[in-house]
Structure formats: structure tokens, C-alpha cells
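Residue 194 in UniProt numbering sits at position 194 of the sequence shown, and the numbers go up by one each step.
We put the CB at the ideal spot given by N, CA and C, even for glycine.
Reviewing the structure listed below.
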Amino acid sequence: MIFSRLITSDPCKSRNRLFSYRPGFTLVELLVVIAIIGVLVALLLPAVQAAREAARRTQCQNNLKNIALAMMTYESARKTFPSPAYMVPNASAQNTLTDNILYTNWLIELLPQVEMANLYDRIDAEWNVASAADSRRITDPASKTPNDVEEIATEIPLFLCPSDNGSGNPFVGGINNLEWARGNYGLNAYQYWGNNENNKIASGDLGVSGSKLAEFLDYNVGMGPVGPEGYALKRISDGLSNTIMIGEMRVGLSPRDRRGVWAMGMCGSSFHCRHASDVLGAVNSCGGHDDDVQGAADIIADVGESTLRSQCMMPDSGVNSSGESVVRSVHVGGAFVAMADASVRFISDFIDSGNIVGGACIGCSSPNDILQQNFGIWQRLNVSTDGLSTGVIE
Numbered sequence: 001m002i003f004s005r006l007i008t009s010d011p012c013k014s015r016n017r018l019f020s021y022r023p024g025f026t027l028v029e030l031l032v033v034i035a036i037i038g039v040l041v042a043l044l045l046p047a048v049q050a051a052r053e054a055a056r057r058t059q060c061q062n063n064l065k066n067i068a069l070a071m072m073t074y075e076s077a078r079k080t081f082p083s084p085a086y087m088v089p090n091a092s093a094q095n096t097l098t099d100n101i102l103y104t105n106w107l108i109e110l111l112p113q114v115e116m117a118n119l120y121d122r123i124d125a126e127w128n129v130a131s132a133a134d135s136r137r138i139t140d141p142a143s144k145t146p147n148d149v150e151e152i153a154t155e156i157p158l159f160l161c162p163s164d165n166g167s168g169n170p171f172v173g174g175i176n177n178l179e180w181a182r183g184n185y186g187l188n189a190y191q192y193w194g195n196n197e198n199n200k201i202a203s204g205d206l207g208v209s210g211s212k213l214a215e216f217l218d219y220n221v222g223m224g225p226v227g228p229e230g231y232a233l234k235r236i237s238d239g240l241s242n243t244i245m246i247g248e249m250r251v252g253l254s255p256r257d258r259r260g261v262w263a264m265g266m267c268g269s270s271f272h273c274r275h276a277s278d279v280l281g282a283v284n285s286c287g288g289h290d291d292d293v294q295g296a297a298d299i300i301a302d303v304g305e306s307t308l309r310s311q312c313m314m315p316d317s318g319v320n321s322s323g324e325s326v327v328r329s330v331h332v333g334g335a336f337v338a339m340a341d342a343s344v345r346f347i348s349d350f351i352d353s354g355n356i357v358g359g360a361c362i363g364c365s366s367p368n369d370i371l372q373q374n375f376g377i378w379q380r381l382n383v384s385t386d387g388l389s390t391g392v393i394e
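What follows is the structure, encoded as C-alpha cells:
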């Protein structure tokens with residue numbers, strides 16, 4: 001019986017049973033594989049992110065270079081650089097500290113040099129920016145509405161640093177709650193509180209003359225004050241490679257934060273002022289109240305004080321005027337600047353910033369901030385006619 005069962009058993013089935021067992025991965029082995037993949041991803045992800053940021057940083061630097069070259073082209077054609085913002089002599093209600101009435105600025109003037117003549121022509125047709133009259137206004141509460149100003153909402157990639165992700169967050173506010181596109185590059189303008197002095201310079205009614213006026217201008221102005229025009233190339237007596245033309249500018253963290261707005265002719269929006277004076281440190285200064293911005297209370301309400309301080313973007317809550325800005329970036333360790341010869345340099349957060357006391361004014365006795373011993377390398381780079389050595393920037 002046993003023999004017959006052995007004889008009648010199917011040999012193929014026996015072989016199938018013998019070879020049908022296929023052991024899989026155990027749970028422990030799967031967990032080990034998953035852990036290895038996780039470690040590899042963790043190692044590769046920072047490298048990928050660093051490579052992407054390096055590419056964005058390079059593009060940021062290249063954009064600044066191209067804007068600086070456009071400035072040189074403009075100067076070659078006009079024999080002067082564009083003004084930070086335009087104030088025509090004896091125009092009414094001129095103000096760069098608030099947005100009561102805003103005038104065209106240096107970036108609008110530069111549009112034809114960056115292959116955006118069509119946009120310039122549309123702006124010129126709307127606001128007659130080429131006129132020498134008071135019609136160089138870009139906002140006028142009597143006539144402008146959001147439907148009339150689509151040009152200022154135009155996002156221009158050249159004017160943006162890709163490292164700053166705030167470009168998709170336009171500023172909404174000011175006259176009639178207009179929407180303004182962002183920008184990351186600010187002209188190096190001047191080191192004094194803007195409105196009274198700019199009005200005097202624009203109108204020619206300075207009230208002082210001779211050595212006192214010369215001293216004020218020599219120790220306070222970069223690429224030119226607000227007025228009918230900027231400085232000519234020959235006016236930059238410190239040397240083109242020793243004078244900052246343009247510095248980076250961070251975009252505001254709130255839709256009501258007007259910092260970083262390319263078409264807005266205000267300090268902190270499209271040009272820098274008092275960025276090497278008063279209580280500021282230097283690049284990426286993080287003192288907690290380094291920017292004077294119109295609407296500071298709204299910004300703090302929107303974003304929160306803790307976030308603003310952690311981002312080094314806390315405005316001075318006690319000032320409701322745009323009269324002070326900081327050269328800022330999101331790069332680690334410093335920010336890019338373009339010099340007046342169109343070269344681009346990276347300035348460290350720890351550059352020597354001197355010991356400056358603000359408050360310079362035309363007609364005042366010599367303020368402390370124009371004493372040579374208080375002028376650090378940062379001040380000397382931002383002022384174009386102080387005559388002081390800058391040394392070598394690493």
C-alpha cells in the first residue's frame with residue numbers, strides 16, 4: 001500500500017511543492033531600506049536646495065548688473081543719471097515721505113534702456129512723464145483710479161531678485177488703494193531726512209550757500225538728491241568704483257508694506273535714504289526699528305511684531321513717514337550692490353559702519369555725521385563726494 005502510494009504520486013506536483021516557496025522581504029528589511037532612502041533624501045535635499053538658491057543668487061546678481069549697465073547707457077545719452085524721484089521746481093505739494101502725490105522715479109526713466117520702451121510710452125501717455133511741468137505726477141487723488149494705473153502693477157522680472165519670494169505679493173494701498181508691483185533694487189540716494197531738504201534742492205531755494213552747502217552735499221549725497229535730475233558722471237568725484245549706485249532692497253512682508261515697489265518714488269520703495277546714517281548698522285541691519293515706513297502700524301498689525309523682528313524687517317512704530325531704509329537681502333551674510341562703474345560686489349553684513357549721528361540739514365551747523373572720524377567704509381561707499389579713502393572691499 002505504501003509502495004503503491006509512492007508509485008502513484010505525481011512527481012511534477014512534488015517538484016512544484018518543492019520550488020514554490022519564495023521568501024519575501026521581512027518587515028525589518030523593509031524598514032531598513034526605507035530608512036536608507038530617507039537618509040539619502042535628507043542628504044540630497046539640502047544640496048538640491050543650495051544649488052537652486054545658488055542659481056537664484058546668480059540671477060539676482062545678473063539682474064543688478066544689467067540695471068547698472070542700463071544706468072550707464074542712460075547717463076551716456078542724457079549726460080546725467082536719473083533722479084531717485086522727480087520733483088520739478090516750484091511744483092505743488094511735493095513730498096517723498098508720504099504718498100499724498102507721487103512723482104515718477106529712476107526706474108520709470110530707465111525703462112527704454114531695458115527694452116521696455118512700450119511700457120514707458122504707455123506711462124508717458126497716461127502721466128506725461130516727459131513734461132517739465134507738475135504733470136510728472138504718477139498719482140493724483142483728483143483723477144486716478146485703479147483702472148487707470150495698470151502700468152504700475154506690471155511685474156518686471158529684471159527688477160526682481162528671485163531669492164526674495166515676496167514678488168508675488170504686490171503692495172496695495174496709497175491713493176485709491178492702487179496695486180503696485182514689487183522691485184528689489186534701490187538707488188543710493190542720500191543720507192538726510194528727505195522732504196524739507198529735497199524741496200529746497202528741487203526749487204533752488206536753499207537758504208545757504210558756499211562752504212556750508214557744499215559740505216552738506218559732499219557728505220550726504222550718493223547718486224543725487226530728489227529733484228529735476230540726478231548727478232552727472234563727472235560729479236562723482238570719489239571715483240566710480242568707490243561709490244555705490246544701487247543696493248538690494250527687500251520686499252515688504254505685507255500687502256500694506258510699501259518697501260520694494262519699483263514704480264513708487266519713495267524712500268524704501270525704489271530708492272535708499274539715510275541707510276548709512278542715524279542708528280542703523282549697515283547691510284541687513286536688525287536693530288528692530290531701522291526702517292521708517294509710512295503705514296508702519298498697519299504692517300505690524302498684518303504681520304506681527306515677532307515675525308517682523310525675526311525677519312529683521314521691523315519698522316519704526318513711532319514714525320509714519322518713509323524717510324529711512326536699509327540695504328537688505330535674503331542672502332546669507334550680506335547683500336549685492338552695483339557700483340557707479342556698473343561692477344557688482346557683495347557687501348558683508350559686518351562692513352565697518354562708523355559712528356553716525358543723524359539729523360543733517362541744509363543751513364544747520366555741521367552735524368556730527370559729517371566728521372571724518374565718524375565716516376566708516378559703509379558711509380564712504382554711499383557718499384559720492386566725501387573725498388575719503390574706502391580701502392579695499394574683500
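> Roughly how many whole angstroms lie between the Cα atoms of residue 260 and residue 268?
Replying inline: Counting from 1 along the sequence shown, the entry for residue 260 is found at position 260. Counting from 1 along the sequence shown, the entry for residue 268 is found at position 268. Taking the straight line from one Cα to the other gives about 7 Å.
>> Quick check: what's the CA-CA separation for residue 114 versus residue 246?
In response: The residue labelled residue 114 in the question sits at position 114 within the sequence shown. The residue labelled residue 246 in the question sits at position 246 within the sequence shown. Distance between the alpha carbons of residue 114 and residue 246: 16 Å.
>> By the DSSP assignment, the beta strand (DSSP E) with residue 470 in it spans what residues?
In response: Nothing can be reported for residue 470: it is not among the residues displayed for the chain, which extend from 1 to 394.
> So what does DSSP say about residue 36, is it helix, strand or coil?
Replying inline: Translated into the one-based positions of the sequence shown, residue 36 becomes position 36. Here residue 36 sits in helix by DSSP.
> Closest to residue 83 by CA distance: which of 226, 51 and 253 is it?
Replying inline: On the sequence shown, residue 83 is found 83 positions in, with the first residue counted as 1. When each option's Cα is compared against that of residue 83, the closest is 226.
> Is DSSP giving residue 297 helix, strand or coil here?
Replying inline: For the purposes of this step, residue 297 is taken as the residue at position 297 of the sequence shown. Residue state, collapsed to three classes: helix.
> Can you tell me whether residue 46 is buried or exposed, with buried defined as 16 or more other CB within 10 angstroms of its CB?
Replying inline: Locating residue 46 in the sequence shown gives position 46, counting from the first residue. Burial call: exposed.
>> Tell me the DSSP secondary structure of residue 389 in three-state form.
In response: Looking up residue 389 in the sequence shown gives position 389. Coil.
>> Using CA atoms only, rank isn't needed, just tell me which of 163, 349, 149 and 57 is closest to residue 174.
In response: As a first step, residue 174 is located in the sequence shown; it is residue number 174 there, counting from the start. Ranking the options by Cα distance to residue 174, first place goes to 149.
> So what's residue 159 in DSSP terms, helix, strand or just coil?
Replying inline: Here the question's residue 159 lines up with position 159 in the sequence shown. Residue 159 falls in the helix class under three-state DSSP.
>> My output table needs one value for residue 395: the three-state DSSP class, helix, strand or coil.
In response: Examination of residue 395 is not possible in this model, given that the chain is present from 1 through 394 alone.
> Would DSSP call residue 291 helix, strand or coil?
Replying inline: Indexing the sequence shown from 1 puts residue 291 at position 291. Residue 291: strand per DSSP, three-state reduction.
>> Which of the three DSSP states is assigned to residue 115 in this structure?
In response: As a working mapping, residue 115 is identified with position 115 in the sequence shown. Residue state, collapsed to three classes: coil.
> Between which two residues does the alpha helix (DSSP H) harbouring residue 308 extend?
Replying inline: The sequence position of residue 308 within the sequence shown is 308, counting from 1. Unbroken alpha helix (DSSP H) run through residue 308: 305 to 310.
>> Quick check on the burial criterion: 16 or more other C-beta atoms within 10 angstroms. Buried or exposed for residue 338?
In response: Taking the first residue of the sequence shown as position 1, residue 338 is located at position 338. Per the 10 Å Cβ criterion, buried.
> By DSSP, does residue 46 sit in helix, in strand, or in coil?
Replying inline: On the sequence shown, position 46 is the one that residue 46 refers to. Looking at residue 46 - three-state DSSP - the assignment turns out to be helix.
> With respect to the alpha helix (DSSP H) encompassing residue 381, which residues constitute its N-terminal and C-terminal limits?
Replying inline: For this step, residue 381 is matched to residue 381 along the sequence shown. Here the alpha helix (DSSP H) through residue 381 covers 377 to 382.
> DSSP on residue 147, reduced to helix/strand/coil?
Replying inline: The residue given as residue 147 occupies position 147 in the sequence shown. Its pLDDT being 47, under 50, residue 147 is placed unreliably by the model, and the measurement read from it follows with that caveat. Residue 147: helix per DSSP, three-state reduction.
>> Here's the rule: buried if 16 or more other CB atoms are within 10 angstroms of the residue's CB, otherwise exposed. What is residue 375?
In response: Along the sequence shown, one-based indexing puts residue 375 at 375. Buried is the call here.
>> Between the alpha carbons of residue 28 and residue 52, how many angstroms are there, rounded?
In response: For the purposes of this step, residue 28 is identified with residue 28 of the sequence shown, where counting begins at 1. For the purposes of this step, residue 52 is identified with residue 52 of the sequence shown, where counting begins at 1. Residue 28 and residue 52 have their C-alpha atoms roughly 36 Å apart.
>> Does residue 314 pass the burial test, meaning 16 or more other C-beta atoms within 10 Å, or should it be called exposed?
In response: On the sequence shown, residue 314 is found 314 positions in, with the first residue counted as 1. Buried, because 16 or more other Cβ atoms sit within 10 Å of the Cβ of residue 314.
>> Per DSSP, what are the beta-bridge partners of residue 267 in this structure?
In response: As a first step, residue 267 is located in the sequence shown; it is residue number 267 there, counting from the start. Beta-bridge pairing links residue 267 to 271.
>> Taking the straight line between their C-alpha atoms, what separation do you get for residue 132 and residue 218?
In response: Numbered from its first residue, the sequence shown carries residue 132 at position 132. Numbered from its first residue, the sequence shown carries residue 218 at position 218. For residue 132, the pLDDT reaches just 48, beneath the cut-off of 50, and the residue's location in the model is therefore unreliable, although a value from the coordinates is still provided. Approximately 27 Å between the Cα atoms of the pair.
> With a cut-off of 8 Å, does the C-beta of residue 382 fall near any C-beta of chain C?
Replying inline: Structure shown: chain C not included; a single protein chain is present.
> So, helix, strand or coil for residue 256, using DSSP?
Replying inline: Your numbering for residue 256 matches position 256 in the sequence shown. Coil, per DSSP.
>> Just verifying my parser: in three-state terms, what is the DSSP assignment at residue 216?
In response: What you label residue 216 is simply residue 216 of the sequence shown in a count that begins at 1. Helix at residue 216.
>> When you compare the segment 222 to 241 with the segment 151 to 160, are there three or more beta-carbon pairs, one atom per stretch, that lie closer than 8 Å?
In response: no
> How many Å lie between residue 331 and residue 373 at the Cα?
Replying inline: The residue labelled residue 331 in the question sits at position 331 within the sequence shown. The residue labelled residue 373 in the question sits at position 373 within the sequence shown. If you take the alpha carbons of residue 331 and residue 373, they lie about 30 Å apart.
> Going by Cα to Cα distance, which pick from 349, 344, 321 and 121 is closest to residue 273?
Replying inline: Within the sequence shown, residue 273 is the residue found at index 273, counting from 1. Comparing Cα positions, the closest option is 321.
> Which residues in the same chain as residue 72 place their Cβ atom closer than 6 Å to its Cβ, once the five residues preceding and following it in sequence are excluded?
Replying inline: If you number the sequence shown from 1, residue 72 lands on position 72. Hits under 6 Å: 342.
> Where do the N-terminal and C-terminal ends of the beta strand (DSSP E) with residue 178 fall, by residue?
Replying inline: Sequence index remark: in the sequence shown, residue 178 carries index 178 (1-based). Residue 178 -> beta strand (DSSP E) spans 178 to 180.
> What three-state label does DSSP hand residue 251 in the structure shown?
Replying inline: Numbered from its first residue, the sequence shown carries residue 251 at position 251. Looking at residue 251 - three-state DSSP - the assignment turns out to be coil, as it is neither helix nor strand.
> Whose C-beta lies closer than 6 Å to the C-beta of residue 396 among residues of the same chain, with five residues either side of it excluded?
Replying inline: There is no way to answer for residue 396, as the model of the chain reaches only from 1 to 394.
> Relative to the C-alpha of residue 262, which residue among 121, 159, 80 and 78 is closest?
Replying inline: Counted from its first residue, the sequence shown places residue 262 at position 262. Ranked by Cα distance from residue 262, the options 121, 159, 80 and 78 are led by 159.
> Looking at the unbroken alpha helix (DSSP H) that takes in residue 347, where does it start and where does it end?
Replying inline: Here the question's residue 347 lines up with position 347 in the sequence shown. It is not in any alpha helix (DSSP H) - residue 347 instead sits in the beta strand (DSSP E) that spans 344 to 348.
> Between residue 241 and the rest of its own chain, which residues show a CB-CB distance below 7 Å, the 5 nearest in sequence each way excluded?
Replying inline: Along the sequence shown, read from residue 1 onward, the residue named residue 241 stands at position 241. Once the five neighbours on either side are set aside, the close Cβ partners of residue 241 are 339, 341 and 343.
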